[in-house]
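In our numbering, the protein residues as written are 8 to 253.
The structure appears below as structure tokens.
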Amino acid sequence: QQVRYAELTVTPDSHLLAGIEPDALSEALIRARRRARREHGVELAWIFDIPGELGLESGVRTIDWVERWAPEGSIGLGLGGPEIGVPRPQFDEVFGRARTMGLHSLPHAGETTGPETIWDAIRHLGAERIGHGISSVDDPELIRYLKENDIALEVCPTSNLCTRAVDDIEHHPMPSLMEKGVTVTLNSDDPGMFNTTLNREYELAHDVFGIDAHGLANLVHAAVAASYASETMKRELRAEIDYYIS
8 QQVRYAELTV TPDSHLLAGI EPDALSEALI RARRRARREH GVELAWIFDI
58 PGELGLESGV RTIDWVERWA PEGSIGLGLG GPEIGVPRPQ FDEVFGRART
108 MGLHSLPHAG ETTGPETIWD AIRHLGAERI GHGISSVDDP ELIRYLKEND
158 IALEVCPTSN LCTRAVDDIE HHPMPSLMEK GVTVTLNSDD PGMFNTTLNR
208 EYELAHDVFG IDAHGLANLV HAAVAASYAS ETMKRELRAE IDYYIS
């Protein structure tokens, strides 16, 4: 995959409900991060995901764990799972607690629902980056807001096809979002679930969307800019990207 830096989503509540002790989960993440750096030269950061289908109770359990047990490399709080029937405003207090800890707000919104879910994520959760967000293409005012506030969309084409968020990959809104000037990053979402890889998503962007090598490099640059890596790490990543395409 040629990954150098990754912001990985972890769902603490799933592990806690399965009986894993809170301190053991934290220790496992600490050891995994150190091992990834030592053995593979990959820097990892953690986003803690609330499974929306489990409701506000899961959100509270998640942020309670984060407040006490968040390991080194923790950068954000996310919200995943189904969008339909899971109103974003119910989690506003949970995300407020995360912000007081210095964590970034990185919820999913606007994959299988319309632009209003994205607005809710922005207004109620303080979203700084949006997971998926592809329905924003239908709302010119939202497009303008995303651009003016530099809110990136984490787009996952194969995932969107598998979840039927799009009818066919040829009509995926990613190229249109890029043309409108929205910051877009390319992602694999859940490789194990959707049988894809990050490399495959870049191949798809080239083969189906017609994005050339420099366009693909710009997508990687956008991902670096939208990340919460240190400035030193960002400089190293940008230099490697530029060297690779030179």
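Every residue gets a Cβ at the ideal spot worked out from N, C-alpha and C, and that includes glycine.
For H111, the pairing in a beta bridge is given by DSSP as G83.
DSSP places T16 inside the beta strand (DSSP E), whose first and last residues are 12-17.
Cβ contact annotation for A220 (same chain, cutoff 7 Å, sequence separation greater than five): I252, in chain order.
One Cα belongs to V67, the other to V101, and the distance between them is close to 6 Å. For F55, the enclosing beta strand (DSSP E) has its first and last residue at 50-58. Around the beta carbon of P19, a 10 Å sphere encloses 16 or more other beta carbons of the protein chains shown; the residue is thus reported as buried. Ranked by Cα distance from L51, the first of S234, R242, E208 is S234.
Judged by beta-carbon spacing, A224 lies within the 8 Å limit of I248, meaning their Cβ atoms are closer than that value.
With a threshold of 16 other beta carbon atoms within 10 Å, R40 meets it and is buried. Look at the beta carbons and you see the region 127-137 touching the region 152-169: at least three pairs across the two are nearer than 8 Å.
Contact between the region 74-87 and the region 22-39 is established, with three or more Cβ pairs separated by less than 8 Å. Restricting attention to beta strand (DSSP E) runs no shorter than 3 residues, the region 148-195 encloses them at 159-162, 191-193, ordered along the chain. The beta carbon of T204 is closer than 8 Å to those of Q8, S195, P198 in its chain, skipping five residues each way along the sequence. Each residue's CA atom was taken as its position, placing E123 and R11 some 35 Å apart.
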